[in-house]
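Taking our numbering as reference, the numbering of the sequence shown is continuous, increasing by one, and the terminal residue is 804.
Just so you know, even glycine gets a beta-carbon here, dropped at the ideal spot from N, CA and C.
In this text the structure is predicted, and so the values were computed from the model without any measurement.
Below is one structure, written out as structure tokens, with a few remarks after it.
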Amino acid sequence: MIMKDEHIWTKLLFLIILAFVRIITIREKRIKNFFISHGYNRKLVDISLFGEAHYIWKRESDGKVVDDLDIKNWSLRRIKKEYE
């Protein structure tokens, strides 16, 4: 009985992690689509030791620059309000 319960918890944990990764991916895609639709281009600035990429968004028409690190914990609503 214990083995069966452990197997269920393993599956549940896997599904939670999968859902979390999917939510992050969808959020990043929506932010990317927002900036592209407003004339920004994404440029790679740096890659950390752990493989995490650091990007900036730059709009050529007025030279406005947005750093990914500055908006990392912002909601999409706040990003739209600040950069639209």
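With a cutoff of 9 Å on beta-carbon distance, residue 789 and residue 750 are scored as not near each other.
A distance below 8 Å between beta-carbons, with the five flanking residues on each side excluded, links residue 764 to the following residues of its chain, in chain order: 773, 774 and 775. Residue 777 is classed as buried because its beta carbon has at least 16 other beta carbons within 10 Å across all chains shown.
Distance from the CA of residue 768 to the CA of residue 792, rounded to the nearest whole angstrom, comes to 16 Å.
For residue 777, the secondary structure class from DSSP, reduced to helix, strand or coil, is strand. Judged by beta-carbon spacing, residue 801 lies beyond the 9 Å limit of residue 754, meaning their Cβ atoms are not closer than that value.
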